[in-house]
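Enquirer: Numbering (our numbering), first residue to last: 23 to 426. Even glycine gets a Cβ: it sits at the ideal position worked out from N, Cα and C. Take a look at the following structure, please.
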Amino acid sequence: MIDNYYKILGLNENSTQQEIKSAYKKLAILYHPDKTGGNKIAEEKFKLVNNAYQILSDPQQRAQYDLLRNYYQFQATTTYTDFNNSTYSKSYKNAYYQRTHNQYAKNYKGYDRQKAEKEGIAIGSILIFTLLAIVGIYMAINIYLKERLIEKLAEQRKIQLEIVEDYYKKEDFRATLIEIDTLIAGQPSDDEFRGIREEVISELNKRAEASFQKADYQKALKYYLILGDFETIFETEFEYKVALCYKKQNQFDKAIEKLKILINKEPEDFRAWCEIGNIFFYKKQNFEEALPYYDHSKKLVISFYERRYGKAYPMIIEPSNLNKIHFDIFFGRASLNSQLGNLEDAIRDCSWASFLRPKNADVWLLKADCEQKLGNIQNACSNWEEVYSFEPDLVKSTMGKYCR
23 MIDNYYKILG
33 LNENSTQQEI
43 KSAYKKLAIL
53 YHPDKTGGNK
63 IAEEKFKLVN
73 NAYQILSDPQ
83 QRAQYDLLRN
93 YYQFQATTTY
103 TDFNNSTYSK
113 SYKNAYYQRT
123 HNQYAKNYKG
133 YDRQKAEKEG
143 IAIGSILIFT
153 LLAIVGIYMA
163 INIYLKERLI
173 EKLAEQRKIQ
183 LEIVEDYYKK
193 EDFRATLIEI
203 DTLIAGQPSD
213 DEFRGIREEV
223 ISELNKRAEA
233 SFQKADYQKA
243 LKYYLILGDF
253 ETIFETEFEY
263 KVALCYKKQN
273 QFDKAIEKLK
283 ILINKEPEDF
293 RAWCEIGNIF
303 FYKKQNFEEA
313 LPYYDHSKKL
323 VISFYERRYG
333 KAYPMIIEPS
343 NLNKIHFDIF
353 FGRASLNSQL
363 GNLEDAIRDC
373 SWASFLRPKN
383 ADVWLLKADC
393 EQKLGNIQNA
403 CSNWEEVYSF
413 EPDLVKSTMG
423 KYCR
């Protein structure tokens with residue numbers, strides 16, 4: 023017995039092509055492997071639904087299927103009767119053959135040979151024309167089947183693209199890319215599928231960057247992670263932004279892990295070294311773990327200065343041309359050394375940090391605090407005076423107490 027494709031699609035034998043198409047689309051989405059998480063039963067159900075649609079959506083295959091199905095149903099009810107009739111017919115034919123054989127042999131001896139030759143030629147001609155007709159019919163059927171196959175593939179393609187579009191409209195970009203990659207795997211030379219994929223990737227990039235700029239790090243991370251799963255080549259900036267998103271979401275271990283991967287790729291990326299130090303120092307309060315990362319980031323950035331400006335870099339560098347990360351390295355290291363009691367080291371780093379950002383009150387206050395702890399009140403007052411020049415309210419009372 024063959025499968026009941028109508029029952030699989032939840033239809034009856036009188037269903038229209040539109041009803042068949044609608045039922046397939048609904049069930050294909052319901053049992054699709056991307057939606058069922060690898061459920062084997064659902065996967066088998068999806069295969070049955072797909073097979074049923076392929077047969078019933080093609081009028082010719084559907085007609086053949088209906089005929090075959092009706093035949094099986096008829097055969098099931100007539101097998102016993104056919105068996106009895108065939109037994110009787112065989113006995114009768116054997117008896118008839120015995121009675122007529124001898125007489126037929128006698129008549130054949132007088133057969134006209136010339137007439138036989140003419141009949142042979144006629145039969146041969148008929149066979150040739152019949153063969154040509156069969157070949158012609160076969161070619162016509164083959165052309166028809168190819169046309170139907172093209173129509174069927176076009177219809178199937180349309181349904182698949184509708185599924186992709188449906189995922190995209192719902193902003194389920196991961197499912198969209200999974201579906202489109204499945205289509206590309208089946209038809210690698212299809213430029214339309216590849217074009218759609220590029221558009222989706224481009225849209226994801228735009229949304230990720232826009233979210234990052236708006237400080238919506240949760241949404242930015244969501245888009246970045248999808249891109250990371252479907253693209254293989256990324257610039258360092260992409261990896262760094264993913265790490266920052268993890269940090270902003272308080273996923274510090276994942277941020278550190280991502281930054282260490284980045285360091286393995288780019289050992290001289292002082293931003294990554296500094297950022298790991300920042301996480302250990304400010305977020306995890308692990309001072310001993312943070313110090314080596316700050317030390318190495320400082321070493322790398324000084325090496326960068328010397329390569330670009332030479333040994334006389336302190337006299338050549340224009341602070342406004344440098345990214346904020348340069349300030350973060352020296353101020354972060356100074357803050358950490360202050361906590362660890364390495365006050366002179368902290369003062370040296372504060373000196374360079376204040377050169378890079380002269381209007382940053384925090385660095386002057388930190389430097390003044392270190393000088394005060396070392397008993398250098400005059401130096402501390404000099405640093406407070408720097409703050410007083412642009413934010414007097416911060417140090418007015420302190421200066422009144424210590425600076426006379």
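Look at the Cβ atom of Trp374, then the Cβ atom of Ala390, and state whether they are nearer than 8 Å.
Expert: It is not a contact, given that the beta carbons lie outside the stated cut-off.
Enquirer: Would you kindly work out how many angstroms separate the C-alpha atoms of Lys423 and Val417, rounded to a whole number?
Expert: Approximately 10 Å between the Cα atoms of the pair.
Enquirer: Keeping to the same chain, check which residues put their C-beta closer than 7 Å to that of Tyr102; ignore five residues upstream and five downstream.
Expert: Only weak support is given to the placement of Tyr102: the predicted model assigns it a pLDDT of 46, under 50, and the value that follows is read from those uncertain coordinates. Contacts found: none.
Enquirer: Just how far apart, CA to CA, sit Lys280 and Tyr262?
Expert: About 8 Å.
Enquirer: Among residues of its own chain, excluding the 5 on either side of Asn472, which ones have a beta-carbon nearer than 8 Å to its beta-carbon?
Expert: Absent from the structure is residue 472, since the part of the chain shown begins at 23 and ends at 426.
Enquirer: Which runs of the alpha helix (DSSP H), 4 residues or longer, sit entirely within the segment 377-406?
Expert: Qualifying alpha helix (DSSP H) stretches, in chain order: 383-395.
Enquirer: Over the uninterrupted alpha helix (DSSP H) stretch that includes Ala312, give me the two end residues.
Expert: Counting along the chain, the alpha helix (DSSP H) containing Ala312 begins and ends at 309-331.
Enquirer: Can you check whether the CB of Ala74 is closer than 8 Å to the CB of Tyr427?
Expert: Since the first residue shown for the chain is 23 and the last is 426, residue 427 is missing from the structure and cannot be characterised.
Enquirer: Could you tell me the alpha carbon to alpha carbon distance between Ala265 and Gln273, rounded to whole angstroms?
Expert: When rounded, the distance between both Cα atoms is 9 Å.
Enquirer: Measuring alpha carbon to alpha carbon, tell me which residue in Lys69, Tyr246, Cys267 is nearest Tyr239.
Expert: The candidate whose alpha carbon is nearest that of Tyr239 is Cys267.
Enquirer: For Leu31, which three-state DSSP category applies?
Expert: Here Leu31 sits in coil by DSSP.
Enquirer: Could you give the distance in angstroms between the alpha-carbon of Gln178 and the alpha-carbon of Tyr190?
Expert: Those two C-alpha atoms are separated by around 19 Å.
Enquirer: In whole angstroms, what separates the C-alpha of Pro341 from that of Glu366?
Expert: Distance between the alpha carbons of Pro341 and Glu366: 23 Å.
Enquirer: What does a CB cutoff of less than 7 Å around Leu450 pick up in its chain, not counting 5 residues either side in sequence?
Expert: Residue 450 cannot be examined here, being either before or after the span of the chain that is shown, 23 to 426.
Enquirer: Could you tell me whether the segment 45-57 touches the segment 183-201, using the rule of 3 or more Cβ pairs below 8 Å?
Expert: Taking 8 Å as the limit for Cβ pairs, the verdict is that the segment 183-201 does touch the segment 45-57.
Enquirer: Within the segment 191-254, note down every full beta strand (DSSP E) run reaching 3 residues or more, in order along the chain.
Expert: Qualifying beta strand (DSSP E) stretches: none in this window.
Enquirer: Less than 8 Å separating the beta-carbons of Leu247 and Val222?
Expert: The answer is no: Cβ separation not under 8 Å.
Enquirer: Looking at Thr258: is its Cβ nearer than 8 Å to the Cβ of Leu226?
Expert: No, the pair does not count as a contact, with Cβ atoms beyond the cut-off.
Enquirer: Determine the burial state of Ile298: buried for a count of at least 16 other Cβ atoms within 10 Å of its Cβ, exposed for fewer.
Expert: With 16 or more other Cβ atoms within 10 Å, it is buried.
Enquirer: Leaving out five residues on either side along the sequence, give the residues of the same chain with a beta carbon under 8 Å from the beta carbon of Arg216.
Expert: For Arg216, where only same-chain residues beyond five positions count, the Cβ hits under 8 Å are Ile206.
Enquirer: What is the rounded straight-line gap between the Cα of Leu378 and the Cα of Glu310?
Expert: Cα to Cα, the separation comes out at about 26 Å.
Enquirer: Considering Lys48, what are the terminal residues of the alpha helix (DSSP H) in which it resides?
Expert: First-last of the alpha helix (DSSP H) with Lys48: 39-53.
Enquirer: Can you tell me the Cα-Cα spacing of Gln271 and Gln235, whole angstroms?
Expert: Using only the alpha carbons, I get a separation of about 15 Å.
Enquirer: From Val71, Ala64, Asn61, pick the residue whose C-alpha is nearest to that of Leu31; which is it?
Expert: Nearest of Val71, Ala64, Asn61 to Leu31, Cα basis: Val71.
Enquirer: Cβ atoms of Lys47 and Ile181: under 8 Å apart, would you say?
Expert: In this structure, Lys47 lies closer than 8 Å to Ile181 by Cβ.
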